[in-house]
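Colleague: In the working numbering, the protein residues as written are 4 to 124. Have a look at this one.
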């Protein structure tokens, strides 16, 4: 059986998983008031809903979040993936500049600049 750490430490690990520094910033991210989080800390009640949300958003390890044991295994904050639709013309341009980069005709910086101009049209 896993015995959870006190709620303040759990919240601190949640902050760490999100790479945030303050409870206020976490509350803003979750669109709740900081007092909701603060009351969990003050009453020392296990914030299971917060832990689940954190796991879903960051991929943090359950045991680490609850106890501080093990590795955090944080994947980073998950965001919706955007699909990229390229026209055949844009794909051809991308292939041409990739060939130029591979041949050494342009630098990595020039390649990135040209590539961004294709995607930002």
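C-beta atoms are modelled at their ideal positions from N, C-alpha and C, and glycine is treated no differently.
#1: With residue 13 and residue 69 assumed to form a contact (beta carbons below 8 Å), what rounded beta-carbon distance in angstroms separates them?
#2: Would you tell me roughly how many angstroms separate the C-alpha atoms of residue 59 and residue 110, rounded to the nearest one?
#3: How is the alpha helix (DSSP H) around residue 14 delimited, first residue to last?
#4: So, under 8 Å CB-CB, residue 97 and residue 121 are touching, yes? Tell me the CB distance rounded to an integer number of Å.
#5: On the criterion of 16 or more Cβ atoms from any shown chain inside 10 Å, does residue 39 qualify as buried, or is it exposed?
Modeller: Quick look at the numbers:
#1: Confirmed, Cβ separation roughly 6 Å.
#2: One C-alpha to the other measures close to 39 Å.
#3: Start and end: 10-21.
#4: With 8 Å as the limit, residue 97 and residue 121 qualify as a contact, their Cβ atoms being about 6 Å apart.
#5: Residue 39 is exposed by the Cβ-count criterion.
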